[in-house]
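Engineer:
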Amino acid sequence: MEALFAIQDEDVVKGQLEHRRANLPERTAVIAVEAERAATMTQVQALELERLDYARRQHRYEGEVTAVEVRIIELNEKLYSGGITSPKEAASLQDEINHLLKRQDDLEGQVLEIMETLEPVDARLKELAEVAEQQDMAILEARESLKVAEAGIVDKLAESAKRRTEAVASVGSDLLARYERNRPTFGSSAVVGFSGSDCSGCPSSMPAVEADRVRCLPAGTLADCNECGRLVAR
Numbered sequence: 361m362e363a364l365f366a367i368q369d370e371d372v373v374k375g376q377l378e379h380r381r382a383n384l385p386e387r388t389a390v391i392a393v394e395a396e397r398a399a400t401m402t403q404v405q406a407l408e409l410e411r412l413d414y415a416r417r418q419h420r421y422e423g424e425v426t427a428v429e430v431r432i433i434e435l436n437e438k439l440y441s442g443g444i445t446s447p448k449e450a451a452s453l454q455d456e457i458n459h460l461l462k463r464q465d466d467l468e469g470q471v472l473e474i475m476e477t478l479e480p481v482d483a484r485l486k487e488l489a490e491v492a493e494q495q496d497m498a499i500l501e502a503r504e505s506l507k508v509a510e511a512g513i514v515d516k517l518a519e520s521a522k523r524r525t526e527a528v529a530s531v532g533s534d535l536l537a538r539y540e541r542n543r544p545t546f547g548s549s550a551v552v553g554f555s556g557s558d559c560s561g562c563p564s565s566m567p568a569v570e571a572d573r574v575r576c577l578p579a580g581t582l583a584d585c586n587e588c589g590r591l592v593a594r
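Taking this note's numbering, the leading residue of the sequence shown gets 361, the next gets one more, and so forth.
(1) Examine the Cβ distances between the region 436-456 and the region 500-516 and report whether three or more of them are shorter than 8 Å.
(2) Which two residues bound the contiguous alpha helix (DSSP H) that contains leucine 342?
(3) Start and end of the alpha helix (DSSP H) containing leucine 461?
(4) Where does glycine 443 fall in DSSP's three states?
(5) Work out the CA separation of leucine 517 and glycine 532 for me, nearest whole Å.
(6) Quick check: the Cα distance between methionine 475 and glutamate 487, rounded to an integer number of angstroms?
(7) Quick one, are the C-beta atoms of valine 574 and valine 592 less than 8 Å apart?
(8) Answer with buried or exposed for aspartate 496, where buried requires no fewer than 16 other C-beta atoms within 10 angstroms of its C-beta.
(9) Between arginine 541 and alanine 389, what straight-line distance do the alpha-carbon atoms span, to the nearest angstrom?
(10) Output yes or no for whether 8 Å exceeds the beta carbon distance between leucine 407 and valine 428.
(11) Is leucine 577 helix, strand or coil when you go by DSSP?
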């Protein structure tokens with residue numbers, strides 16, 4: 361009977377250790393720094409999308425500037441090639457060139473405006489990259505601390521499992537099966553003692569008839585308590 365109580369004790373120890381393992385402060389620290397890293401990446405992704413939009417607009421404007429420059433060169437060559445004899449046609453070409461020069465100036469202004477807008481975006485991205493690097497180091501350190509903390513618990517779990525195995529060897533299979541059936545319901549009190557008049561697992565006093573029944577059993581007998589359903593060690 362002592363072996364069965366030993367098994368129950370080790371099951372309690374295992375549950376406590378697993379709870380402790382799941383709630384290690386080192387684990388909480390890992391979760392916290394990983395959440396901070398994720399938040400940083402969210403900022404980075406948002407800024408990168410913003411930067412990509414600006415870069416596309418800049419590329420489009422620069423392409424338009426190039427096209428306008430090419431057209432201005434073509435018109436200037438035509439205007440000064442000597443092939444234009446009509447003053448009206450020359451004036452028309454000059455008007456178009458002036459219009460294109462204004463368009464070029466506007467486009468270059470937009471390109472410059474985008475470049476100025478991108479400066480703080482790039483600066484923030486650089487800053488976030490440094491933050492992310494620091495957070496990556498913090499994550500590695502936190503995970504290493506968790507690994508060390510878990511290792512100590514794993515060792516204790518292994519020791520407990522060994523003690524339980526040794527105790528199981530001294531308990532019959534039928535008795536062990538009865539205990540295992542009760543354990544999901546009663547946890548750490550699947551098997552309880554008998555005080556002589558009461559089942560120590562019952563929330564209230566055991567009826568006299570039930571107490572007499574258990575009391576009359578041979579010492580070392582494992583009985584089912586008709587009141588609470590636990591196993592009572594006589």
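Glycine included, each C-beta is placed from N, C-alpha and C at the ideal position. Bear in mind the structure is a predicted one, so any value in this text is a computation, not a measurement.
Structural biologist: This is what the structure gives:
(1) no
(2) Because the chain here runs from 361 to 594, residue 342 falls outside it and cannot be looked at.
(3) 447-528
(4) coil
(5) 24 Å
(6) 18 Å
(7) yes
(8) exposed
(9) 38 Å
(10) no
(11) coil
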